[in-house]
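Colleague: The structure is given below, and queries will be raised subsequently.
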Amino acid sequence: MDADLDQRFRGLPVKGLSNGLRLIEARSRRSRRRGLARLDTLPADVALHIPGTPSVHTFGMRFALDLIWLGKDGTVARVERNVGPRRVAVCLKARSVVETPAGAADRFIAAGIGAGDAPRRS
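Residue numbers (the working numbering): -1 to 120.
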């Protein structure tokens, strides 16, 4: 990962998926609050899992996201594509969300996200 991502998510669990994809779990209050805001970009092979929330905002974002909403069993409840900055997104059926760079959701779903194997909040 690049230096900005390494510093921002230091100490957080990273799950390796197939095809070299990586999923960072935002466990700490700080990592959940900061999310991906103010980063210039997110590599196409990295996503952020935010457990325990049915909503996110993209205030402070500098790029669009795909949002993979996961239900309580870890399966896909909904996918929102190309969500731009300064938006609020809600999925009442969701218990967590995976934020990927716009256009990357299908790769992460194919790698097993939403098959009930997403990291769980501990």
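Where is the CB? At the ideal position from N, CA and C, for every residue including glycine.
For aspartate 2 and leucine 90, what's the separation of their Cα atoms in angstroms?
Modeller: When rounded, the distance between both Cα atoms is 32 Å.
Colleague: At what residues does the beta strand (DSSP E) containing alanine 87 begin and finish?
Modeller: 86 to 88
Colleague: Rounded to whole angstroms, what's the CA-CA distance from leucine 63 to valine 81? Just pull it up for me.
Modeller: 5 Å
Colleague: Go through its chain and collect everything with a Cβ distance to glycine 110's Cβ below 8 Å, but skip five positions before and after it.
Modeller: Here the set comprises Leu15 and Ser16.
Colleague: Does the beta-carbon of phenylalanine 106 have 16 or more other beta-carbons within 10 angstroms, so that it is buried, or is it exposed?
Modeller: buried
Colleague: Measuring only the C-alpha atoms, how far is glycine 114 from alanine 35?
Modeller: 27 Å
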